[in-house]
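Asks: Before I ask anything, here is the structure I am working with.
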Amino acid sequence: MLRIKGRRGLAYYEFSPTPGYRFVVLDAYDVSAIGWPRDHPNALKAMAFLEEKNPNADKNRSNGLVGLDRRFLLFNGAVGREQLDWLDNVLQDASNSEQKVIICCHIRLDPGASSDDALLWNYDEVMDVIHRYKRIKACLAGHDHKGGYSVDSGTDTFGYIDVYDDRISLVGTGRLQREQ
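Residue numbering for the sequence shown follows the numbering used here, beginning at -14 and increasing consecutively.
Structure (structure tokens):
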């Protein structure tokens, strides 16, 4: 079992390094067949889900899966219902506090930012929650070793962040201009 624990003993958490910002760290393996003992309810739920979605005996193979269905692989995972509700509450609180939000998740949340096989199983549910709020400034992820990015607003934009003790600097092109 992965022994990554945030506050409250969970692998998802939030923190505010400075009053105007809130970071939200999601657990992309909340529902997963890896990282849990085989008989754990989250692993059993994940394996049942994969049996339904992926016809291959080796669940790390995407043979026969097309488009976004290629995400239904053993090395991916999902955000559970309790975590989705928690995310909604955290984003509501950040909005009420007028904080800018940066979301971090190991597995990509946006199909435009990665290959189809490196995407959160329930990315659409997570993005539905995220789209309810206007304070989200960035979603950072990894998992796809080829890299990538997307802009949710539909424009060509690219940027990077520099993190300092007293500020976060966002440097970009296109619609994404410098912001501190």
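Note that CB positions come from ideal geometry on N, CA and C, so glycine has one too.
Would you kindly work out how many angstroms separate the C-alpha atoms of residue -14 and residue 28, rounded to a whole number?
Replies: On the sequence shown, residue -14 is found 1 positions in, with the first residue counted as 1. On the sequence shown, residue 28 is found 43 positions in, with the first residue counted as 1. For residue -14, the pLDDT reaches just 38, beneath the cut-off of 50, and the residue's location in the model is therefore unreliable, although a value from the coordinates is still provided. If I take the Cα positions, the gap works out to 10 Å.
Asks: Between the beta-carbon of residue 79 and the beta-carbon of residue 117, is there less than 7 Å?
Replies: Within the sequence shown, numbered from 1, the residue matching residue 79 stands at position 94. Within the sequence shown, numbered from 1, the residue matching residue 117 stands at position 132. No, Cβ-Cβ distance for residue 79 and residue 117 is not below 7 Å.
Asks: Using a threshold of 7 Å, state whether the C-beta atoms of residue 114 and residue 94 are closer than that.
Replies: Counting from 1 along the sequence shown, the entry for residue 114 is found at position 129. Counting from 1 along the sequence shown, the entry for residue 94 is found at position 109. No, these two residues do not count as a Cβ contact at 7 Å.
Asks: Identify which residue in 40, 50, 48, 56 has its Cα closest to the Cα of residue 17.
Replies: Here residue 17 is taken as the residue at index 32 of the sequence shown, counted from 1. Of the listed residues, the one whose Cα sits closest to residue 17 is 56.
Asks: Quick check on the DSSP output: the alpha helix (DSSP H) that includes residue 66 runs from which residue to which?
Replies: For the purposes of this step, residue 66 is taken as residue 81 along the sequence shown, with counting starting at 1. Unbroken alpha helix (DSSP H) run through residue 66: 66 to 81.
Asks: Leaving out five residues before and five after residue 139 in sequence, what residues of the same chain have Cβ atoms less than 6 Å from its Cβ?
Replies: Residue numbering aside, residue 139 sits at position 154 when the sequence shown is read from its first letter. Only weak support exists for where residue 139 lies, its pLDDT of 48 falling under 50; the value from the coordinates is given anyway. The beta carbon of residue 139 lies closer than 6 Å to none in the same chain, with the five residues before and after it left out.
Asks: Does any heavy atom of the ligand SAM sit closer than 6 Å to the C-beta of residue 87?
Replies: Only the bare structure without any ligand can be found here, which leaves the ligand SAM out of the picture.
Asks: Spatial neighbours of residue 73 within its chain, please: C-beta separation below 8 Å, excluding the five flanking residues on both sides.
Replies: Taking the first residue of the sequence shown as position 1, residue 73 is located at position 88. Hits under 8 Å: 114, 117.
Asks: Looking at the structure shown, is residue 139 part of a helix, part of a strand, or coil, going by DSSP?
Replies: By one-based count along the sequence shown, residue 139 stands at place 154. In this prediction, residue 139 has a pLDDT of 48, which is less than 50 and means its spatial position is unreliable; what the coordinates show is noted afterwards. Looking at residue 139 - three-state DSSP - the assignment turns out to be coil, as it is neither helix nor strand.
Asks: Which residues mark the beginning and the end of the beta strand (DSSP E) in which residue 11 is found?
Replies: Here residue 11 is taken as the residue at index 26 of the sequence shown, counted from 1. Residue 11 -> beta strand (DSSP E) spans 6 to 11.
Asks: Do residue 53 and residue 12 count as a contact pair if the criterion is CB distance below 7 Å?
Replies: As a first step, residue 12 must be located in the sequence shown, where it is residue number 27. As a first step, residue 53 must be located in the sequence shown, where it is residue number 68. Cβ atoms of residue 12 and residue 53: not closer than 7 Å.
Asks: Using only the alpha-carbon positions, how far apart do residue 68 and residue -2 sit?
Replies: By 1-based counting over the sequence shown, the position of residue 68 is 83. By 1-based counting over the sequence shown, the position of residue -2 is 13. Each residue's Cα considered, the two are about 10 Å apart.
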